[in-house]
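Below is one structure, written out as structure tokens; the observations come after it.
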């Protein structure tokens, strides 16, 4: 399912670029690539267990290669730091914190402190709908999904017991994450707690890596990490970068230029992130059980088929797409209205599209 999501992101960039042809260039806020800038592209396969594609305009191939080497190294570092399943020599990561729950504080890189402080802030902002302390519950669902994926076909696939989920939920208190900024440590006060940063880690990593690339002088690029899109600047002619939102009711394992989208939007200096029930799931008795777990029910959230966030910060977009997927429409709309620069698109379970107040201002057909 991860590959399917990524193939969509790669195709949608090309599809939306075609949609853009013939549109007038908007007023540009920021520098444009030089007159000698050329279009380059590259693909990475080894970060966040997905495919990364970068399209950029640079003055030379050497400049592009230098920028991509640095970007790749940044993403690799974040991948290792935020990994909850694997250990790496000389690296104290999220898995290290989990392994020491209730035992001792763990000295960690500042990039982990920053991530967890954002996650705690977003827990408050979203009323608990975004909770990185839910690893004990998410781990149960992960194990059932992994077992199903190891044995294709849903005849023998199983669901967690409600009592097991409720017992695990007793160890998800965000206040048991003890962050000591001065000491540079993280401690889980509950020995049965574990962190799962899948709802924020990739988006935050993409944002930080893109900001670092901009600081190194990259002024025109579109970065897609497993479908998490973050655009930097504009194209040489002043045209904006674009991205697409997949139709969750007509998703496919294979994509062509005719793949179904429900929206195509301008993304220059914006992030576009979608959470959906079609991206990672397994089947039991013909019913789909996806990976986005409602903190209230402890079961896959059933409000929407997908929620897309458009805003300038990929980390914020990642957090909000998960939180809004696990919230009612009214709760989500109120939250979006309370945040500056954030727009959303909800795809409901009965096939309707609901846009936030300003989302369609970015739609290509309205520009």
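Numbering (this note's numbering), first residue to last: 1469 to 1835.
For glycine and all other residues, C-beta sits at the position ideal for the given N, C-alpha and C.
Alpha helix (DSSP H) segment containing residue i, residue limits
i            : result
residue 1790 : 1782 to 1793
residue 1805 : 1797 to 1805
residue 1541 : 1529 to 1549
residue 1580 : 1578 to 1593
residue 1676 : 1669 to 1683
residue 1611 : 1603 to 1618
Buried or exposed by the 16-neighbour rule on C-beta atoms within 10 Å, applied to residue i
i            : result
residue 1689 : buried
residue 1819 : exposed
residue 1805 : exposed
residue 1515 : buried
residue 1631 : exposed
residue 1706 : exposed
residue 1703 : buried
residue 1833 : exposed
residue 1621 : exposed
residue 1571 : exposed
Inter-residue Cα distance where the pair is residue i and residue j
i            : j            : result
residue 1798 : residue 1768 : 19 angstroms
residue 1793 : residue 1504 : 44 angstroms
residue 1770 : residue 1817 : 8 angstroms
residue 1600 : residue 1540 : 25 angstroms
residue 1824 : residue 1801 : 7 angstroms
residue 1670 : residue 1651 : 25 angstroms
residue 1649 : residue 1808 : 28 angstroms
residue 1478 : residue 1552 : Reliability fails at residue 1478, whose pLDDT of 41 lies under 50, so the model's placement of it is uncertain and the value that follows must be treated cautiously. Roughly 27 angstroms between the two C-alpha positions.
residue 1753 : residue 1766 : 20 angstroms
residue 1687 : residue 1517 : 27 angstroms
residue 1701 : residue 1529 : 19 angstroms
residue 1666 : residue 1639 : 18 angstroms
residue 1830 : residue 1733 : 5 angstroms
residue 1533 : residue 1579 : 25 angstroms
residue 1611 : residue 1636 : 14 angstroms
residue 1548 : residue 1511 : 19 angstroms
residue 1699 : residue 1737 : 5 angstroms
residue 1538 : residue 1713 : 29 angstroms
residue 1585 : residue 1677 : 18 angstroms
residue 1781 : residue 1519 : 20 angstroms
residue 1506 : residue 1498 : 18 angstroms
residue 1679 : residue 1644 : 31 angstroms
residue 1433 : residue 1731 : Because the chain in this structure spans residues 1469 to 1835, residue 1433 falls outside the shown range and cannot be described.
Own chain partners of residue i with C-beta closer than 8 angstroms, once the 5 adjacent residues on each side are dropped
i            : result
residue 1826 : 1811
residue 1717 : 1773, 1815, 1819
residue 1613 : 1748, 1749, 1750, 1757, 1759
residue 1581 : 1647, 1649, 1652, 1654
residue 1575 : 1560, 1651, 1652, 1653
Reference residue i, options the options, closest by Cα
i            : options                : result
residue 1433 : 1543, 1753, 1526       : As shown, the chain starts at 1469 and ends at 1835. That puts residue 1433 outside it, with no answer to give.
residue 1822 : 1581, 1764, 1777, 1808 : 1777
residue 1772 : 1701, 1640, 1651, 1742 : 1742
residue 1500 : 1682, 1533, 1658, 1568 : 1682
residue 1608 : 1633, 1593, 1522, 1512 : 1633
residue 1692 : 1710, 1745, 1829       : 1710
residue 1745 : 1583, 1790, 1586       : 1790
residue 1788 : 1522, 1594, 1527       : 1594
residue 1684 : 1625, 1597, 1536       : 1536
residue 1763 : 1527, 1597, 1680       : 1597
residue 1675 : 1659, 1521, 1784, 1618 : 1784
Own chain partners of residue i with C-beta closer than 6 angstroms, once the 5 adjacent residues on each side are dropped
i            : result
residue 1655 : 1573, 1646
residue 1492 : Per-residue confidence for residue 1492 stands at a pLDDT of 37, beneath the threshold of 50, marking its modelled position as unreliable; no derived number is given.
residue 1546 : 1673
residue 1740 : 1697, 1711, 1778
residue 1525 : 1501, 1505, 1507, 1688, 1704
residue 1728 : 1715, 1718
residue 1616 : 1625, 1750
Close-in-space but distant-in-sequence residues of the same chain around residue i (CB under 7 angstroms, 5 per side omitted)
i            : result
residue 1606 : 1664, 1761
residue 1563 : 1551, 1552, 1553, 1554, 1555
residue 1642 : 1588, 1591, 1599, 1601
residue 1662 : 1566, 1569, 1603, 1604, 1607
residue 1726 : Low confidence applies to residue 1726: its pLDDT is 48, below 50, so where it sits in the model is not reliable enough to give any reading.
Boundaries of the beta strand (DSSP E) in which residue i is found, first to last residue
i            : result
residue 1629 : Taken as a continuous stretch (DSSP letters only), residue 1629 belongs to no beta strand (DSSP E), as it is neither H nor E.
residue 1562 : Residue 1562 -> not in any beta strand (DSSP E); alpha helix (DSSP H) instead, spanning 1562 to 1567.
residue 1521 : 1518 to 1526
residue 1827 : Run containing residue 1827: none; DSSP gives neither H nor E here.
residue 1712 : 1710 to 1714
residue 1506 : 1506 to 1515
residue 1814 : 1811 to 1816
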